[in-house]
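Enquirer:
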Ligand SMILES: Nc1ncnc2c1ncn2[C@@H]1O[C@H](COP(=O)(O)OP(=O)(O)O)[C@@H](O)[C@H]1O
Ligand SMILES: [Mg+2]
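Numbering (our numbering), first residue to last: 1 to 150.
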């Protein structure tokens, strides 16, 4: 599935819809260069989970946790690039929450092949290509549900 979001708001709206079809313990893997919209997307997703706090870039924290309809574990793996130190993130995947990881490719070896990958590509100042790639049966089903909302 591919979308072109023509504004920050369209990106957040898509993420909001995704939040409505996520299941407990789902893993959302965000890939794409700096400023492509990974954190912006996560903000819309948080809104869809009824999280009231402002979600911002966790670059200096690596992990931030927000309470909502499902607990959001927001990870930014950017600083783990050259030293993908295993911080035990997979332990959070059976807590009934949702894990969203920016720069997932840097730490993908820590996870089994069961996640929703989302790739962001910069098109122009206000437009981003957003591609959804399911890894595993559960995420193929999830994307069908998302498609019906879009
Ligand atoms: N269609 C769009 N989708 C997402 N962000 C956009 C879009 N158009 C412009 N932007 C801007 O691009 C920047 C994306 O930054 P951010 O979400 O922090 O990226 P990342 O987390 O990938 O580094 C923000 O300043 C945002 O306002
Ligand atoms: Mg970011």
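Using N, Cα and C, we set each Cβ at its ideal position, and we do this for glycine too.
Fair warning: this is a prediction, and the values are worked out from it, not measured in the lab.
1) With residue 154 and residue 85 assumed to form a contact (beta carbons below 8 Å), what rounded beta-carbon distance in angstroms separates them?
2) What is the DSSP secondary structure of residue 14, counted as helix, strand or coil?
3) Would you decide whether residue 1 is buried or exposed? Buried here means 16 or more other CB atoms lie within 10 Å of its CB.
4) Just to confirm the assignment, what range does the alpha helix (DSSP H) spanning residue 147 have?
5) Under 8 Å between the Cβ atoms of residue 125 and residue 38?
6) Taking all protein chains shown into account, do 16 or more other C-beta atoms lie within 10 angstroms of the C-beta of residue 98, making it buried, or fewer, making it exposed?
7) Here's a check: name, in chain order, each residue in its chain whose Cβ is nearer than 8 Å to the Cβ of residue 114, leaving out the five neighbours to either side.
8) In whole angstroms, what separates the C-alpha of residue 44 from that of residue 107?
9) DSSP state of residue 39, grouped into three classes?
10) Around the Cβ of residue 66, are there at least 16 other Cβ atoms within 10 angstroms (buried) or fewer (exposed)?
11) By the 10 Å Cβ neighbour count, where 16 or more other Cβ atoms means buried, how is residue 109 classified, buried or exposed?
12) Beta carbon of residue 132: closer than 7 Å to some heavy atom of ligand 1?
Expert: Judging by the given coordinates:
1) The shown model of the chain, from 1 to 150, leaves out residue 154, and the question about it has no answer.
2) helix
3) exposed
4) 137–149
5) no
6) buried
7) 27, 135, 136, 138, 139
8) 24 Å
9) helix
10) buried
11) exposed
12) no
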